[in-house]
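For my numbering, add 75 to where a residue sits in the sequence shown, where the first one is 1. Cβ atoms here follow ideal geometry from the backbone N, Cα and C, with glycine treated the same way. Just so it is clear, the structure is predicted and the values come from calculations on it, not from any experiment.
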Amino acid sequence: MGFGKKSNSSPPSAPPKVAKKPAVSELREQSSSAIEDTSKLESSLSETVAPPPSVMSDDMSEKLREIMREGMAQEEAKDSNKKEEPVVKQEVTRDVQKKDDEPKKSIDDGFLTHEEEDIHVTSGSGEVDSMTALRLKRARTRIWSDLRDGIDLKALARMDGKAARDEVRTAVEEIARFRNLDLTPMEMAQIAKECGDDMLGYGPLETLLAEDGIADIMINGPDTVYVERKGKIQKTDIKFRDNQHLVTICQRIVGAIGRRVDESSPICDARLPDGSRVNVIIPPLAVDGACMTIRKFTKDKLTLEKLLEFGAMTPSCAKLIMAIGRCRVNALISGGTGSGKTTMLNCLTRYIEPGERIITCEDACELQLQQPHVVRLETRPANLEGVGEVTMRDLVKNCLRMRPERIIVGEVRGPEAFDLLQAMNTGHDGSMGTVHANNPREALSRMENMIAMGNLNIPTVAVREQISSAVNVIIQVQRLRDGSRKVTHVTEITGMEGDVVTMQDLFVLEVLGEDDDGKLITRLKSTGMRPKFWDKARSFGVEKLVLDAMEEAYG
């Protein structure tokens with residue numbers, strides 16, 4: 076026997092009875108009786124269970140409902156804020172990024188203008204496409220290398236200019252055909268011109284020297300060239316091959332007048348054949364490469380009539396300057412660098428009588444006198460041994476032995492000022508010179524300082540008496556901020572009062588304002604003062620010019 080198991084010996088059970096399925100009518104009766112019992116149970120429960128007692132009044136319940144409504148409204152507002160918060164954060168982030176991207180304001184915003192520098196295309200190649208520029212650069216290098224090795228420079232130097240350039244052009248065309256260079260006829264002609272300029276002229280400077288509207292050429296290394304046009308400095312696209320190319324051009328310019336520039340003598344003043352003044356400074360003194368400055372003269376000589384057209388002075392002031400040049404008045408032209416002192420001196424010397432003997436002394440001859448009897452002298456630097464220098468003072472001293480009637484010093488900048496004053500006081504009336512100063516009073520102070528540079532033990536009062544008796548008129552010229560050059564003062568020295576040199580203005584420039592184009596509105600007016608050199612003007616027959624200049628103040 077085992078626990079939990081039925082014995083196999085138990086009698087067999089009877090077969091199960093099969094239940095009959097109820098009929099449809101019986102099922103309906105059973106369901107209806109069940110529904111009745113359920114409804115009876117619900118009714119009995121509703122009778123026995125009482126409603127819960129009321130714990131608050133109607134007013135309290137109303138207040139509770141209001142509080143619940145306010146709470147629900149606050150929760151809805153919080154939910155909406157949570158939904159809008161990412162958008163606000165994104166907008167704030169964008170604003171911060173915009174502020175970071177915007178340039179920070181400085182105290183000089185609106186005062187300083189940062190404009191991109193305009194590069195004026197001056198070369199004739201017109202290279203715009205980078206691929207074209209690279210192709211032309213390679214062609215220039217190849218042609219120049221072959222031309223330098225194959226052409227006879229000595230034979231080229233013996234030819235005249237036109238024949239030599241034709242020879243260079245023919246050689247360039249042959250090299251281009253032999254090398255199968257892809258060049259158009261215009262490009263080939265441009266390269267031939269550049270090679271001819273390098274061999275026979277001043278290289279890339281030939282284009283700038285041929286342009287008549289340029290007043291100054293400033294080369295700051297082989298890749299940077301500036302020019303001055305109409306009083307404004309502009310950058311050009313002119314470039315040299317390398318620093319050695321630029322140094323070679325500098326040596327060619329200074330070598331033409333017998334001077335040299337190299338590492339032992341890296342500074343040199345020279346001039347071009349047309350009289351343009353040249354200053355050269357090369358490494359090691361010039362750190363970024365050789366530098367050269369050319370004060371270029373125009374092909375058409377400037378006269379008082381052209382200065383009147385430019386608005387540099389009024390007709391009445393021009394008449395007074397004509398009288399000053401004719402009646403042998405000792406004059407100084409004062410002004411800053413590039414203000415037009417040499418131009419004014421050239422205009423003033425035009426009215427010197429043709430029969431007078433004139434001797435000029437300059438560091439580099441740039442005066443262009445039209446009189447027939449002119450002797451031009453030029454200073455000389457020391458040689459390799461440090462000897463042989465001839466200074467401006469040496470030239471002025473020598474002038475006194477050459478029977479001059481007028482002595483003109485191109486630029487007074489040292490002890491030669493004393494020798495010039497001595498010449499003015501010893502019968503050489505009508506002598507002239509230029510000096511760097513900002514106004515007529517400072518010009519006299521500069522003369523005093525330059526005399527003191529000569530270590531002459533002369534009292535200050537004696538120097539001032541010498542100046543007041545020697546110099547009669549100071550013409551002040553200035554380059555204004557709009558680039559125009561104008562006469563600002565015509566001042567006469569009248570004598571001494573105690574230790575002070577007395578002066579009177581004959582013409583004074585007034586700045587009235589500025590027009591829409593940035594040009595200054597000025598007026599050069601006459602003071603109406605009678606000049607002290609009136610008697611001298613009468614003796615030379617130019618008193619009417621002086622009267623016309625004075626009448627403007629009373630008209």
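Three-state secondary structure (DSSP) of residue i
i	result
Ala345	strand
Arg521	helix
Ser543	helix
Met206	helix
Val548	strand
Gln497	helix
Arg560	strand
Ile427	coil
Glu618	helix
Glu248	helix
Glu281	helix
Glu589	strand
Val471	helix
Val163	Low confidence applies here, because Val163 scores a pLDDT of 47, under 50, leaving its location unreliable and the question unanswered by this model.
Met35	This structure cannot speak to residue 35, because the chain is shown only from 76 to 630.
Phe315	coil
Leu231	helix
Asn421	helix
Ile396	helix
Lys594	coil
Val220	Inspection of the sequence shows that residue 220 is occupied by Ser rather than by Val. Three-state DSSP puts Ser220 in a helix.
Val538	helix
Cys402	coil
Met625	helix
Residue nearest to residue i in terms of C-alpha spacing, selected from the options
i	options	result
Val536	Met571, Gly558, Gly502, Asn547	Met571
Gly475	Glu453, Met499, Pro456	First, the residue type needs correcting, since residue 475 is Leu and not Gly in the sequence shown. Minimum Cα distance to Leu475 is reached at Met499.
Ile550	Ser559, Phe582, Arg556, Ser544	Phe582
Val362	Asp272, Pro297, Glu589, Gln265	Pro297
Thr311	His320, Glu286, Leu595	Glu286
Cys343	Asp349, Ile332, Gly350	Ile332
Gln265	Leu211, Gly288, His511, Thr323	Leu211
Ile408	Leu347, Val548, Thr454	Val548
Thr368	Gly593, Ala527, Leu283	Leu283
Gly502	Glu523, Arg478, Leu459, Ile356	Arg478
Gly306	Met604, Arg613, Leu595, Leu555	Leu555
Arg539	Arg304, Thr577, Ile292, Ala290	Thr577
Gly271	Glu453, Leu231, Met293, Pro348	Leu231
Pro359	Ser351, Pro341, Gly350	Pro341
Thr245	Arg233, Lys268, Lys229, Asp235	Lys268
Met293	Cys366, Val243, Glu242	Cys366
Leu599	Pro390, Gln541, Ala214, Lys472	Pro390
Gly350	Gly386, Thr418, Ile357	Thr418
Gly411	Leu470, Phe315, Val487	Val487
Arg468	Gln443, Leu459, Gln497, Glu480	Gln497
His320	Ser339, Ile357, Glu303, Gln309	Ile357
Leu347	Tyr629, Cys440, Thr569, Pro456	Cys440
Bridge partner(s) assigned by DSSP for residue i
i	result
Cys436	Leu452, Val484
Asn295	Cys366
Asp580	Thr566
His511	Gly410
Ile289	Arg304
Glu572	Val575
Leu599	Leu584
Asn354	Asp344, Thr368
Arg554	Arg560
Val329	According to DSSP, which records beta bridges pairwise, Val329 is partnered with nothing at all.
Val465	Arg455
Inter-residue CB distance, residue i and residue j (contact presumed, cutoff 8 Å)
i	j	result
Val552	Val562	6 Å
Ala624	Leu395	4 Å
Thr597	Glu585	7 Å
Val336	Val353	At roughly 10 Å, the Cβ-Cβ gap does not stay under 8 Å, so Val336 and Val353 are not in contact.
Thr601	Gly386	Going by the sequence as given, residue 601 is Ser instead of Thr. That pair is no contact at about 17 Å.
Ala290	Glu303	5 Å
### the stretch 310-330 in contact with the stretch 273-283 per 3-pair CB rule at 8 Å
Yes: at least three Cβ pairs fall under 8 Å.
### Query
For the 8 Å Cβ check, are there 3 or more pairs between the stretch 392-404 and the stretch 363-378?
Between the stretch 392-404 and the stretch 363-378, the count of C-beta pairs closer than 8 Å stays below three; the two stretches do not touch.
### Query
Do the stretch 236-254 and the stretch 215-223 meet, that is, are 3 or more Cβ pairs less than 8 Å apart?
Counting C-beta pairs with one atom in each stretch, the stretch 236-254 and the stretch 215-223 have three or more that are closer than 8 Å, which means they touch.
### Message
Taking 8 Å as the cut-off, does the stretch 422-441 touch the stretch 513-523 (at least 3 CB pairs, one atom from each stretch)?
### Response
No contact exists between the stretch 513-523 and the stretch 422-441.
### Message
Three Cβ pairs or more, each shorter than 8 Å: is that satisfied between the stretch 435-447 and the stretch 484-491?
### Response
Verdict: yes, contact present.
### Query
Quick one: any contact between the stretch 592-611 and the stretch 402-412, if contact means 3 or more CB pairs under 8 Å?
Judged by Cβ distances under 8 Å, the stretch 592-611 makes contact with the stretch 402-412, as three or more pairs qualify.
### Message
Quick test of the definition: if touching needs 3 or more C-beta pairs under 8 Å, does the stretch 448-456 touch the stretch 503-511?
### Response
In the pairwise beta carbon analysis, the stretch 448-456 is classified as not touching the stretch 503-511: fewer than three pairs are separated by under 8 Å.
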